[in-house]
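Everything below concerns the one structure shown next.
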């Protein structure tokens, strides 16, 4: 006897009305629910002639809890790009508390794949190791944690990005530039920020000996602190000619430059967010080095889907893109 809609509904754990909407291709049904209904229909022989639908999966995206606009863009693109058979859960964890971040990774429940942006810390690496050994693929995003057995890393070649920042800042200062330059980072516990610092320092030392690099300042990914650190920096060094911000807090730095009447200082930062676009347009910010959040999330899903199928996939580092107000996308 051919199974009924009620039989399929019982097997899928949904109502007969939901089954009817799915089988007739009508809208209003979540992707994961649709996949469950189709699987039940095939299992009962109702749709045996159709190809097997992908099994429903749950992916997790774990990001620091900060006001960094880049994370908002990541979340927006992640939700837009989530495959129909995947349920995406987004979690935020304390940015600079590795124990709390590790606890979020341990406690998030069953998962078919995790993408994480976190400090490179032994507690975080151990939490990733436990998830991977439990059968869950983990991808690091934007800043790598190579000591953890992650499935892959999706993000910029941050050493190269730091070199690009140094070269750009120096060239904006004209031929044979001289003067003091400041380097500001969110937190060097993020490997990406550390690599950017290394690249920036290296290119200045190798190519621009006339530029003197001041002691590093950290914003701890807080725009209010970034503003205060920059005001202090400007007061202590009235001859400052350039600032490179390797992390978050660009809006706070821009506010300090405007407040101090020092928008002539060459300013290079990261990410073409809406806030940073405004700073580019008004001339406070001279250039940003962008990593496409959309491209990153496309690659994250490709890696996690391949891992779920038991397949390997290479993810070469993304190329940093230099953006000024004249080539804003």
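In the working numbering, the protein residues as written are 464 to 792.
Don't be surprised by glycine CBs; every beta carbon is placed ideally from N, CA and C.
Here the structure is a predicted model, which is why all the values come from computation and not from measurement.
Secondary structure note for residue 509: it is in no beta strand (DSSP E), with a DSSP letter that is neither H nor E. Closest by C-alpha distance to residue 562, out of 579, 649 and 590, is 590. Excluding the 5 residues flanking it on each side, residue 688 has same chain C-beta neighbours closer than 8 Å at 682, 712 and 715, in chain order. Spanning the alpha carbons of residue 475 and residue 518 requires a straight line of approximately 13 Å. Of all C-beta pairs linking the region 650-657 to the region 725-732, fewer than three are shorter than 8 Å, placing the two stretches out of contact. Residue 608 holds the alpha-carbon nearest to the alpha-carbon of residue 586 among 599, 608 and 598. Taking C-beta separations shorter than 6 Å and ignoring five residues to either side along the sequence, the partners of residue 610 in its chain run 588, following chain order. Taking C-alpha positions only, residue 508 is separated from residue 466 by approximately 7 Å. The count of Cβ pairs closer than 8 Å, one atom from the region 692-707 and one from the region 562-576, stays below three, leaving the stretches out of contact. Per DSSP, the unbroken alpha helix (DSSP H) holding residue 694 starts and ends at 686-699. Around the CB of residue 774, fewer than 16 other CB atoms lie within 10 Å, so the residue is classed as exposed.
A straight line joining the alpha-carbon of residue 753 with that of residue 787 spans about 10 Å. Looking at the backbone, the Cα of residue 739 and that of residue 574 are separated by about 34 Å. For residue 784, the enclosing beta strand (DSSP E) has its first and last residue at 784-786.
Sequence-distant partners of residue 761 (beyond 5 residues in either direction) whose C-beta falls short of 7 Å from its own C-beta, in its chain, are 544. Secondary structure at residue 561: helix, using DSSP grouped into helix, strand and coil. Counting only runs that start and end inside the region 617-676, the alpha helix (DSSP H) elements of at least 4 residues fall at 621-635 and 654-670. One thing to note: residue 510 has its Cβ no nearer than 7 Å to the Cβ of residue 503.
Short of 7 Å from the beta carbon of residue 551, and not among the five residues preceding or following it, lie these beta carbons of its own chain, in chain order: 522, 524, 541, 542 and 545. Cβ neighbours of residue 657 within its own chain (closer than 7 Å, five residues either side excluded): 651. For residue 733, there is no enclosing alpha helix (DSSP H); the residue is found in the beta strand (DSSP E) stretching over 729-733. Assigned with DSSP and collapsed to three states, residue 540 falls in helix.
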